[in-house]
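Participant: The sequence shown lines up with residues -22 to -1, 1 to 550 when you count with mature numbering (1 follows the signal peptide of the UniProt record, and there is no 0).
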Amino acid sequence: MWNILVRSALFVLLALGVFVYGDPEDKRKSAADYYVRSLPGLSDDAGIVQHAGHILIDESINGNIFFWLIHNRHIAEKRKFVIWLNGGPGCSSMDGLFLEVGPWRMNADLTLRPEYGSWDMFANVLYVDQPVGTGFSTVDTNGYVSNMTQITDHFMKFLDEFFAVFPEYSRDEIYITGESYAGVYIPYFASAILKRNKKKTTQIDLIYDLKGIAIGNGWIDPVAQYEAYYSFADINGLIEGEAKEKVKKTLENCQRLQKTKVYIHEPDCEMILQDILDSTTKIEDGRKTCVNQYDIRLRDTYPACGMNWPNELKNITSYLRRPDVIGAINAHAKQEGWVECSGAVGTALDNDPSPPSVTLLPDILKDIPVLLFSGNKDLICNINGTQSMIDSLEWNGDTGFKGAVAADWHVNGTLVGDWKIARGLHLATIYDASHMVGYDRPAVATDMINRFLGFNYTYSDLGPPSSLGDDDHHLIELINTIYYSQRKYLNTKKNAGQPIKAVDYESNELEELVIETPLYDIGDEDEDHFGDSEDETDHRDVPSEVGTQPYKDDADNGSGDSDPQGLKRRSK
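1) With DSSP run on the structure shown, which of helix, strand or coil describes V143?
2) Note down the Cα distance separating F141 from L235, rounded to an integer number of angstroms.
3) Could you tell me the alpha carbon to alpha carbon distance between C319 and L291, rounded to whole angstroms?
4) Can you give the Cα-Cα distance for C268 and K355, rounded to whole angstroms?
5) Please specify which runs of the alpha helix (DSSP H), each continuous and at least 4 residues long, are wholly inside the region 44 to 104, giving them in chain order.
6) What is the rounded straight-line gap between the Cα of T130 and the Cα of I261?
7) Decide if A10 is buried, meaning its Cβ has at least 16 other Cβ atoms within 10 Å, or exposed.
8) Look up T259 in the DSSP assignment and say whether it is helix, strand or coil.
9) Can the beta-carbon of I33 be found less than 9 Å from the beta-carbon of H49?
10) For the region 131 to 179, list the alpha helix (DSSP H) runs that are entirely contained and at least 4 residues long, ordered along the chain.
11) I believe Y253 touches K224 by the beta-carbon criterion, under 8 Å. Please report the beta-carbon distance rounded to the nearest angstrom.
12) Quick check on C359: does DSSP put it in helix, strand or coil?
13) Could you tell me the distance, in whole angstroms, from the CA atom of C232 to the CA atom of E55?
14) Within 10 angstroms of its Cβ, does E37 collect 16 or more other Cβ (buried), or is it exposed?
15) Quick check on R401: does DSSP put it in helix, strand or coil?
16) Mapping the DSSP letters down to three states, classify G219 as helix, strand or coil.
17) Considering only their Cβ atoms, is the gap separating E157 from M414 smaller than 9 Å?
18) Counting Cβ pairs, one atom from each stretch, are 3 or more of them under 8 Å apart for the region 153 to 173 and the region 192 to 205?
19) What three-state label does DSSP hand K312 in the structure shown?
20) Quick one: residues in its chain with C-beta nearer than 6 Å to the C-beta of L90, no 5 flanking neighbours on either side, listed in chain order?
21) Buried or exposed, going by whether 16 or more other CB atoms sit within 10 Å of the CB of D183?
22) Return the bridge partner residues of N270 from the DSSP annotation.
23) If H132 and I53 are in contact, beta carbons under 8 Å, what's the gap, nearest whole angstrom?
24) Where does Q28 sit, in a helix, a strand or coil, going by DSSP?
25) So, using beta-carbon positions, are L338 and V123 closer together than 9 Å?
26) Can you tell me whether D504 is buried or exposed, with buried defined as 16 or more other CB within 10 angstroms of its CB?
27) When we look at the beta-carbon of A282 and count the other beta-carbons within 10 Å, is it buried (16 or more) or exposed?
28) Along the beta strand (DSSP E) that carries V389, what are the first and last residues, could you check?
29) Three-state secondary structure (DSSP) at E372?
30) In or out: T258 buried (at least 16 other Cβ within 10 Å) or exposed?
31) Could I get the ranges of all uninterrupted alpha helix (DSSP H) runs contained in the region 411 to 444, with 4 residues as the minimum, in chain order?
32) Do H388 and L350 have their C-beta atoms within less than 9 Å of each other?
33) Quick test of your reading: Y163 and L63, contact by CB under 8 Å. State the CB separation rounded to the nearest angstrom.
34) In terms of alpha-carbon separation, which member of V110, K239 and E220 lies closest to N42?
35) On a Cα-Cα basis, can you pick out the residue from A322, R277 and F45 that is closest to D107?
36) Quick check: the Cα distance between D341 and G80, rounded to an integer number of angstroms?
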């Protein structure tokens, strides 16, 4: 009788499509389950191959991480795999996909138009909503993470599960990129990968060929960045008189606190930025406005001060909440719908005791190159803070850039920025760009990442004509490449049936190489670089002088927590 009941129960479960899992691998979906057959609003002849969906990270808290993979449109000599992360903490990487470096942009009628200068021209690009609870990623109310150890563990689990589903990408050259608070995430993730690669006990399929990291307008060193709020605001005329003195006193209080311990996020130090924004308020067309903290050339309604920017966010939010879109990308519908930045995720990390990520950079730079890039019109994670951090950073046997001279950088015949390199650390400054470089200067951002990844399309029609410095600068780039080739501790050459062996290079000839400054000769300003960039920004809607009316309720951002005064700054 018992056997009959058991067989009957199993029959019912199978009839209902319920599967009783045993081995964890049985739960894993196949790549076909993640395939995006068509995307609402995108023409079927766009030629963009995509996979998207959720990967289970922690069943105990229903923690799932959402990803969206855009496959490369052109074959490169070496396969590159780029991971993009937005910041916040708690801001969705759909910002990067829809606004910055992805293959399309949003039209007013919620259709998508191709963006041919996107980062997936030569590389596979993976956009990841993390930590759990961010964007389309999900988690139980009591499951939000509170420190970088948890976040890093989840990300490593995600990578392992992702590459188990898509093993064809696990041997690619990998680059982790992102902006803002991703300046915290990325060094932690890179450090975890590099350390695990070096362990003799690491399985061969869990060794990833991490080649570099790139961080845009990053929150990396709180000491330098909090101080830079004051210096940047002062230099750019945002504070004066009594307001300037008030900001200075708030900074001094912050610096006293940091003498005891430096936290990634310090509420009293955050008031420096708030004091600056308050000092910029005025009444315009009957509305109280303030400077846009992400682009000081613009203004927004107070207290948003940039949180309503870019203007396209309203349409993107509407699009990503549509049932047909959610279904097309194999996403789980969330009760509150997709939100750009989750207040609940950010709040859970307010008291994170983890050391700032700047402490990890010296060891990372021993193994891989690091690109830091900054739009020079950003306030919240400004270029002054990045430069100050580098000046005091010791890596690969010396401190700061020393005598390295910035090389002029031209795209489409126009000077778009400058670039420095020293001992594996790159600093690219993008002129007339905001916190979101890819939004303002897409062609420049694409040229930048292609240079860092080693793509050379100088003689093709797949990218705009560009130049960087002179022959001396190209020599430095070559030396940088050789340096990391020699230092590489990981022999990625596979022998049939044999594990990858770790190789420890104690030293090499390049460690003794000293190059006297100046490293570069600034090129002739009249040099003809061909092309014209006057129409570069025509791909997007130009922001108005004053931001649009808030579409997000200041009292409830859709994540269940409130911020009635709008004082919680999310760095995106």
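All residues carry an ideal CB built from backbone N, CA and C; glycine is no exception.
Facilitator: The relevant details are as follows:
1) Here residue 143 refers to the residue found at position 165 when the sequence shown is read from its first residue. Reduced to three states, the DSSP call for V143 is helix.
2) Working through the sequence shown from its first residue, we reach residue 141 at position 163. Working through the sequence shown from its first residue, we reach residue 235 at position 257. If you take the alpha carbons of F141 and L235, they lie about 43 Å apart.
3) Residue numbering aside, residue 319 sits at position 341 when the sequence shown is read from its first letter. Residue numbering aside, residue 291 sits at position 313 when the sequence shown is read from its first letter. Going from the Cα of C319 to the Cα of L291 covers about 11 Å.
4) The residue given as residue 268 occupies position 290 in the sequence shown. The residue given as residue 355 occupies position 377 in the sequence shown. Roughly 15 Å separates the two Cα atoms.
5) none
6) Position 152 of the sequence shown, counted from the start, is the residue given in the question as residue 130. Position 283 of the sequence shown, counted from the start, is the residue given in the question as residue 261. Rounded to the nearest angstrom, the two C-alpha atoms are 44 Å apart.
7) Translated into positions along the sequence shown, residue 10 becomes position 32. Exposed.
8) Reading the sequence shown from its first residue, position 281 is the one you call residue 259. In the structure shown, T259 sits in coil (DSSP, three-state: anything other than H, G, I, E or B).
9) For this step, residue 33 is matched to residue 55 along the sequence shown. For this step, residue 49 is matched to residue 71 along the sequence shown. No, they are not a contact pair.
10) 160 to 176
11) Position 275 of the sequence shown, counted from the first residue, corresponds to residue 253. Position 246 of the sequence shown, counted from the first residue, corresponds to residue 224. Checking the sequence, you will find Asp at residue 253 rather than Tyr. That belief holds up - the Cβ atoms of D253 and K224 are roughly 6 Å apart, short of 8 Å.
12) Against the sequence shown, residue 359 aligns to sequence position 381. Coil, per DSSP.
13) Locating residue 232 in the sequence shown gives position 254, where the first residue counts as 1. Locating residue 55 in the sequence shown gives position 77, where the first residue counts as 1. Between C232 and E55, the C-alpha separation is close to 50 Å.
14) Here residue 37 is taken as the residue at index 59 of the sequence shown, counted from 1. Classification for E37: exposed.
15) Residue 401 sits at position 423 when you count from the first residue of the sequence shown. Residue state, collapsed to three classes: coil.
16) For the purposes of this step, residue 219 is identified with residue 241 of the sequence shown, where counting begins at 1. Three-state result, G219: helix.
17) To locate residue 414, count along the sequence shown from 1; it is residue 436. To locate residue 157, count along the sequence shown from 1; it is residue 179. Yes, the pair counts as a contact, with Cβ atoms nearer than the cut-off.
18) yes
19) On the sequence shown, position 334 is the one that residue 312 refers to. Of the three classes helix, strand and coil, the one that applies to K312 here is coil, per DSSP.
20) As a working note, residue 90 is residue 112 in the sequence shown. G19, L20 and W82.
21) Working through the sequence shown from its first residue, we reach residue 183 at position 205. The residue is exposed, with fewer than 16 neighbouring Cβ atoms inside 10 Å.
22) For the purposes of this step, residue 270 is taken as the residue at position 292 of the sequence shown. Note: N270 sits in a beta bridge opposite D273.
23) As a working note, residue 132 is residue 154 in the sequence shown. As a working note, residue 53 is residue 75 in the sequence shown. With 8 Å as the limit, H132 and I53 do not qualify as a contact, their Cβ atoms being about 33 Å apart.
24) As a first step, residue 28 must be located in the sequence shown, where it is residue number 50. In the structure shown, Q28 sits in a strand (DSSP, three-state: E or B).
25) Position 360 of the sequence shown holds residue 338. Position 145 of the sequence shown holds residue 123. Contact: no.
26) What you label residue 504 is simply residue 526 of the sequence shown in a count that begins at 1. Its pLDDT being 36, under 50, D504 is placed unreliably in this model, and the value from its coordinates should be taken loosely. Counting Cβ neighbours within 10 Å, D504 comes out exposed, since fewer than 16 surround it.
27) Here residue 282 refers to the residue found at position 304 of the sequence shown. A282 should be labelled buried.
28) Residue mapping note: residue 389 aligns to position 411 of the sequence shown, counting from 1. Per DSSP, V389 belongs to the beta strand (DSSP E) from A385 to V389.
29) Looking up residue 372 in the sequence shown gives position 394. Reduced to three states, the DSSP call for E372 is strand.
30) Within the sequence shown, the letter at position 280 stands for residue 258. Answer is buried; the Cβ neighbour count reaches 16.
31) 415 to 418 and 420 to 431
32) Within the sequence shown, residue 388 is the residue found at index 410, counting from 1. Within the sequence shown, residue 350 is the residue found at index 372, counting from 1. No, these two residues do not count as a Cβ contact at 9 Å.
33) Taking the first residue of the sequence shown as 1, we reach residue 163 at position 185. Taking the first residue of the sequence shown as 1, we reach residue 63 at position 85. That belief holds up - the Cβ atoms of Y163 and L63 are roughly 6 Å apart, short of 8 Å.
34) Stepping through the sequence shown from its first residue, residue 42 is reached at position 64. It is V110.
35) On the sequence shown, residue 107 is found 129 positions in, with the first residue counted as 1. When only C-alpha atoms are compared, the closest one is F45.
36) In the sequence shown, counting from the first residue as 1, residue 341 sits at position 363. In the sequence shown, counting from the first residue as 1, residue 80 sits at position 102. The alpha-carbon atoms of D341 and G80 are separated by roughly 31 Å.
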